[in-house]
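Chemist:
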Amino acid sequence: MFGLLVRWTVSLHSYSGAGNPPKFGDYEAQRHWMEITVNLPAQDWKLLMRFTVLSSDLLIFFPSVLYFIHAYYDVHSRGRKADVAWHILLILINPCLVLIDHGHFQYNCISLGLALAAVAAILSQRDLLACVLFCLSLNHKQMSTYFAPAFFSHLLGKCLRRKHPLLEISKLGLVVLGTFAMVWWPYLHSRDAALQVLSRLAPFERGIYEDYVANFWCTSSVLIKWKRLFPTQSLRLFSMVATILACLPSMIQQILAPSSKGFLYGLLNSSLSFYLFSFQVHEKSILLPLLPATLLAMEWPRPFKLLTHYALFSMFPLVCRDNLILPYIALYALCIFLYHPPGGRWDDSKRQGSTPLSLVSVLLTLAYLGSLVLHIVYLTVRPPERYPFLFEALIMLLSFSHFVLFAFHTNTKQWMLSGHLIGSDKGKKQH
Amino acid sequence: MASRQSMLQNHPEICRHLLWFFGVAACVKLLLIPSYHSTDFEVHRHWLALTRSLPLSQWYSDETSPWTLDYPPFFAYFEYFLSFFARLVDPQIVDVHQGLNYEADTVVYFQRISVIVSDLCLVYGIYRLTRKLEAKKRVAMWILVIWSPALVIVDHMHFQYNGFLLGLLMLSISYLQDGRDVMGGFLFAVLLCFKHLFAVAGPVYFVYLLRHYCRGGLLKGLGRLAAMGTVVVAVFAAAFGPFFYHGQIQQVISRMFPFGRGLCHAYWAPNFWVFYIILDKGLAFLLKKFGIDIPTPAASFTGGLVGDSSPFAVLPQVTPLSTLIMVLLALSPCLVKIWKNPHPGSVARWISYAYTCGFLFGWHVHEKASLHFVIPLAIVAVQSLEDAQHYFLLSIATCYSLFPLLYEAQEYPIKVVLLLLHSMLMWFGFSAKFSKKGSSSSSSRSGEEGEFVIGWGGKCYIIGIVIVETWGQLLHPYFLGDKLPFAPLLLISIYCGVEVVYSWVWQLKRIMAD
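Quick note, the sequences are listed as chains H and B, same order. Take 825 as the starting number for the first sequence in the numbering used here and just add one per residue. Take 113 as the starting number for the second sequence in the numbering used here and just add one per residue.
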């Protein structure tokens, strides 16, 4: 069943890519970067670009997923074949990833794939390989720093538990430096070149937020006008401090009690905290928290579905700008179908021990319905003159509130895990 | 994905399950909306405009567009029905003059979605057919039909409305299988009035209904014959009546049967005539070499043009009548079999055989007509191991023969992946059904035991497909450049034709052995 489901998602990828017009911004940016290296007539570009995304997806992301599944289900050996198949499907038909990479046009699959492979390597206890892969991912797209705290804390925690912690840490450090050196080789010949690359990577002059992202700064700017009150320098400081504070709990947990599952939660937490508090975050960055969420999908189906919904929802304005509404709807509907297969096996609510009529679930349902309504409103109703971005702001508010809720939820889950594991950890074998 | 219980699930569950399949397929079809569509798209749009804007008496005589109405009246009524909604969406769609070659988003969305919705008819037909089967067979059939790549390629990309027509055929077969002959006959008559191409199975229906329904002594038999006849006549009257009234019937018939079109379509369907043409060319070439003077025919097949006549240099000329005779000849053993023993279980087999004969020997056959026998054959495919093995290859070959319909580069990955996916689904589905572990409790029939494996012949054939495709896409342009551009297409035709002929012989043997 594996192969067939994987193939199916391949087919999906090509659909949403092949037919829809790309956003000129990113598409032209990528094309320009490629044109610096290769020359081609204009009409072949679109096709070529789409093919390159598809092939890089195939070559990097897909194998990483398979590697991850292999590693994950080795550890948690209770998975049944059908569960495994569904899990692969969910990871691969990550609607945000499909929409962004193949519709809007980007190459996130490469960096995400490498990061995923790094995760898989960690799960299968191959730490050095994980380092290399993660560094490669980082060097492909610096957005992968969202995952860095989790990797760092987990590996640190593991190292501290081994017999010679300093040796382990230095081994990892050397590998990291080595990988960076290999990739940056062409630019290391002079300090200027290296600095130039760095400055292009981190365009701080752009400001703390752009458009309407569902993160803390943007949402709270409704009340506190950050941009007007503080200069960019201090805003940078604020965001760094806030981000670090936000991911600190999960980092500490991993250093104290590293575990595979905790690591996955750590990834989710650190990327979510970066998304919420970091500088110059794009809507597309929701991809990063969503990836570990898909990895954990089998653990907590209901919150995961909600998270996917809000991730998609927060991207909706972007989708509309790109005329990708049709694939959005189709992918969303497809996800609903996949989350409720007729066997009903996956959505086994008995496992969750749910209390259907609690206040929280009522509120969540209301918010869900509200977001559906907002979809339609956004498309059809013109916003009032005074507040031209009213609906974007509403979307952002809703998404943000849910992301914050998730952040709390996942952090508590991660800490609860260590409560379980502190006892059994002492008995674990050391490498 | 099959249910854990081996006992039958109740009907609402089955419905839900089936709708899930349809829903997933619908999502994929939605994603395909912006893909390539052929001139058939404009054809159907024009018919929407035609039926909406002009009175009935002008439907078959209008000349505003080269895409004249060449389907029977029920289809015209169907387009008329759709045109109500089309006008609500965008009035320009149904304007006969302004709407010519209208390509705006509204038209594309409207028409594509209308095809997706009309597929519900197919879903209903399949539901009726499979509700009494056991779970694994049922799911296998759903995979074969609702997720059929050929149907997706033809209906949802190239653009046609075969889904609901095949749904009607399925419904008709399901009624016949249930023993409700009048309904079966009625639905078939209705289907004929939608698309007369389905008439190839007419003899089968006629003989079957005559033997199965009209029995029980002379008087009762005649009474039943009269009843059936009345039903059929009533259907045709409903369809063609208004045109008789307007004195249009001559025009309608001439539009429906445009025999001036030539033996082969521009791209040769993988049928018998391909071999006939090749043989003719080969013989002409050989004879020329031996110094015998052969007059070269004026029109050429290799030009890919659709000519008025079919000029053969050496072999006898082929006329529409002779193709009809050949089809009937091919059909006759089957008809004899039906006459001797008309039992409902084999209806699907006979009908598929009829369409295979029609495909192989018919006049001006499109490769799209392969859908007509591949889809009904899916009903048969789940019944036994040999049927499944045979279907596996046939389905792949016919789907592959449809590839040239989508010649743009952006659809290339889609069609390849669809075919691959379908093959894998078939493989896994059939393997799960026919495994040695004996999962099914009722597999005491001899046909169901044994592993699902493809023999070396089949494997060679599949490898051959890969070779043919590689040649067509890579090696031919590399080695020959722009010369002989029809050669890859010809190769595909021949290669798939081999499998279709093989299938025909196999089906015939199976029917005779039944």
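Note that CB positions come from ideal geometry on N, CA and C, so glycine has one too.
Say whether the region 961-969 of chain H touches the region 1074-1086 of chain H, bearing in mind that this needs 3 or more beta-carbon pairs closer than 8 Å, one atom from each stretch.
Modeler: Not touching, per the Cβ criterion.
Chemist: So, does the CB of P1151(H) fall closer than 7 Å to a CB anywhere in chain B?
Modeler: P1151(H) counts as touching chain B.
Chemist: From Q1057(H) to A198(B), what does the alpha carbon distance come to, in whole angstroms?
Modeler: Those two C-alpha atoms are separated by around 58 Å.
Chemist: Could you round the C-beta distance between P185(B) and F355(B) to whole angstroms and report it? I think they count as a contact, below 8 Å.
Modeler: 7 Å between Cβ atoms; contact.
Chemist: Over what stretch of residues does the alpha helix (DSSP H) that includes G211(B) continue unbroken?
Modeler: Premise fails: G211(B) is in no alpha helix (DSSP H) and is neither H nor E.
Chemist: Suppose you measure from the CA of D1172(H) to the CA of C511(B); what does that come to, to the nearest Å?
Modeler: Legend: pLDDT at D1172(H) = 45, less than 50; position of this residue unreliable, value from coordinates given subsequently. Straight-line Cα distance between these residues: approximately 38 Å.
Chemist: May I ask you to report which of helix, strand or coil DSSP gives Y172(B)?
Modeler: Three-state result, Y172(B): coil.
Chemist: Please say whether V302(B) and Y172(B) have beta carbons closer to each other than 7 Å?
Modeler: For Y172(B) and V302(B), no; Cβs fall outside 7 Å.
Chemist: Is V638(B) helix, strand or coil when you go by DSSP?
Modeler: Here chain B comprises residues numbered 113 to 626, so residue 638(B) is not present and cannot be evaluated.
Chemist: Just the chain H side, please: which residues come within less than 7 Å of L281(B) by C-beta, in chain order?
Modeler: Ordered by position in chain H, no residue passes the 7 Å Cβ test against L281(B), which lies about 26 Å from the chain.
Chemist: Hey, could you find the ends of the alpha helix (DSSP H) Q204(B) is sitting in?
Modeler: Unbroken run through Q204(B): none, as it is neither H nor E.
Chemist: Tell me which residues share the same chain as F976(H) and place their Cβ nearer than 7 Å to its Cβ, disregarding the 5 neighbours each side in the sequence.
Modeler: No residues qualify anywhere along the chain.
Chemist: Please tell me whether L1158(H) has its Cβ less than 7 Å away from any Cβ of chain B.
Modeler: Yes, L1158(H) lies at the interface with chain B (some Cβ there is under 7 Å from its Cβ).
Chemist: Could you tell me which chain B residues have their CB closer than 7 Å to the CB of V1154(H), listed as they occur along the chain?
Modeler: Per the sequence shown, residue 1154(H) should be read as Ala rather than Val. Those are C139, L142, L143, listed as they occur along chain B.
Chemist: Helix, strand or coil for V565(B)? Go by DSSP, reduced to three states.
Modeler: Coil at V565(B), not helix or strand.
Chemist: Give me the Cα-Cα distance between I623(B) and R240(B), rounded to the nearest whole angstrom.
Modeler: Going by the C-alpha atoms only, they are around 24 Å apart.
Chemist: For V136(B), return the contacting residues in chain H, with the cut-off set at a CB-CB distance below 7 Å.
Modeler: Residues of chain H passing the Cβ test: L1158, F1161.
Chemist: Going along the chain, which residues of its own chain have a beta-carbon closer than 6 Å to the beta-carbon of K1129(H), five neighbours each way excluded?
Modeler: The residues are Y1163.
Chemist: Can you tell me which of the three DSSP states V1105(H) falls into?
Modeler: Three-state DSSP puts V1105(H) in a strand.
Chemist: Taking 7 Å as the threshold (C-beta atoms), are C959(H) and L996(H) in contact?
Modeler: Contact flag unset, no.
Chemist: To the nearest angstrom, report how far apart L304(B) and V430(B) are at their CA atoms.
Modeler: For L304(B) and V430(B), the distance between alpha carbons rounds to 26 Å.
Chemist: Please work out which residues of its chain come closer than 7 Å, Cβ to Cβ, to Q204(B), disregarding the five sequence neighbours upstream and downstream, and give them in chain order.
Modeler: Q210, G211, Y214.
Chemist: Does the region 602-619 of chain B touch the region 466-477 of chain B, meaning 3 or more C-beta pairs lie closer than 8 Å?
Modeler: Touching, yes.
Chemist: Anything in chain H within Cβ reach of W132(B), meaning under 9 Å, just list it in chain order.
Modeler: Within 9 Å Cβ-Cβ: F1161, H1164, P1165, P1166.
Chemist: Check each candidate in A313(B), Q501(B), G570(B) and name the one with the smallest Cα separation from G541(B).
Modeler: Comparing Cα-Cα distances from G541(B) to each of A313(B), Q501(B), G570(B), the minimum goes to Q501(B).
Chemist: Tell me the DSSP secondary structure of N383(B) in three-state form.
Modeler: The answer is coil: DSSP assigns N383(B) none of H, G, I, E or B.
Chemist: Within 10 Å of its beta-carbon, does M1240(H) have 16 or more other beta-carbons around it, so buried, or fewer, so exposed?
Modeler: When all chains shown are included, M1240(H) counts as exposed.
Chemist: Is there a Cβ of chain B sitting closer than 7 Å to that of K1237(H), yes or no?
Modeler: False, the Cβ-Cβ gap to chain B never drops below 7 Å.
Chemist: Quick check: the Cα distance between A944(H) and Y891(H), rounded to an integer number of angstroms?
Modeler: Looking at the two C-alpha atoms, the distance is approximately 6 Å.
Chemist: Give the single residue among Q949(H), L871(H), N932(H) whose Cα lies nearest to the Cα of Y896(H).
Modeler: With distances taken between Cα atoms, Y896(H) lies closest to Q949(H).
Chemist: Is there a C-beta anywhere in chain B that falls below 7 Å from the one on S1173(H)?
Modeler: Caution applies to S1173(H), whose pLDDT of 43 falls short of 50 and renders its modelled position unreliable; the value that the coordinates give is listed next. No, no contact with chain B.
Chemist: Helix or strand or just coil, what does DSSP make of P1055(H)?
Modeler: Coil at P1055(H), not helix or strand.
Chemist: For E523(B), name the three-state secondary structure that DSSP assigns.
Modeler: Three-state result, E523(B): helix.
Chemist: Tell me which residues share the same chain as N844(H) and place their Cβ nearer than 7 Å to its Cβ, disregarding the 5 neighbours each side in the sequence.
Modeler: Here N844(H) scores only 45 on pLDDT, less than 50, and its place in the model should not be relied on; the value that follows carries that caveat. Answer for N844(H): G927, N1147, L1148, P1151, listed in chain order.
Chemist: Would you mind giving the Cβ-Cβ distance between A381(B) and V477(B), rounded to the nearest angstrom? I have them listed as a contact below 8 Å.
Modeler: That pair is a contact at about 5 Å.
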